[in-house]
Amino acid sequence: MNDTLENTLDHLRRKATRCKHTSVASLIVLIALYAAQFIWIAPDAHLTDNSPQWFMLAIYVIPLLLFAPGILTEQARTYAWFCFILMLYFCDTVITAFAVPHTLGYLGIAESLTVVVLFSAAMYAAKWYGLIANNGVSNRKKKNNDKDTKDPAAK
323 MNDTLENTLD HLRRKATRCK HTSVASLIVL IALYAAQFIW IAPDAHLTDN SPQWFMLAIY
383 VIPLLLFAPG ILTEQARTYA WFCFILMLYF CDTVITAFAV PHTLGYLGIA ESLTVVVLFS
443 AAMYAAKWYG LIANNGVSNR KKKNNDKDTK DPAAK
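Here the sequence shown stands for residues 323 to 477, where the numbers follow the working numbering.
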């Protein structure tokens, strides 16, 4: 039985590592796209008297970077919370893609696709790392087994 458990955990670790690498690569691409948007392609698009482009870039990039330590240390909860935050980024990128003409619109499409890949990889990483933490048993199965062992007379 231990061999089966180890094989299952090794398989989950390989899947989780692939998702981690995809998440990190997508995160780097997303940050690069934001840097391109705010510094090179359209530095004046978000510029007001009180907010220079580096400040706007920081507003977009710093929340993403706050999750980097948890992503690199393979924390399932970090990935799950990161997915919630990515929904806000997805809304922003879709608005940019369809409301802004020409170059920024195309950049918004690229950002949207990157966020979708990042969200998918992060969601699966949360799933796989969560299973690894529970030795391959999902929380749903764990709860059902707990109910069965607590009240055997209920059957």
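For glycine and all other residues, C-beta sits at the position ideal for the given N, C-alpha and C.
The continuous alpha helix (DSSP H) containing TRP403 extends over residues 398 to 421. Inclusion of PHE404 and PHE389 in the CB contact set at 8 angstroms is warranted, their separation being smaller than that value. Take the alpha-carbon of GLU433 and the one of TRP450: they are about 25 angstroms apart. If you draw a straight line from the Cα of LEU410 to the Cα of HIS333, it comes to about 32 angstroms.
8 angstroms or more divides the Cβ of LEU355 from the Cβ of ASN457. Between LEU429 and SER348, the C-beta spacing is not below 8 angstroms. With 16 or more neighbouring CB atoms inside 10 Å of its own CB, THR418 falls in the buried class. Around the beta-carbon of LEU453, 16 or more other beta-carbon atoms lie within 10 Å, marking it buried. For VAL346, the closest C-alpha among the options TYR401, ARG336 and THR415 is that of TYR401.
Taking every protein chain shown into account, the CB of CYS413 has fewer than 16 other CB atoms within 10 angstroms, so this residue is exposed.
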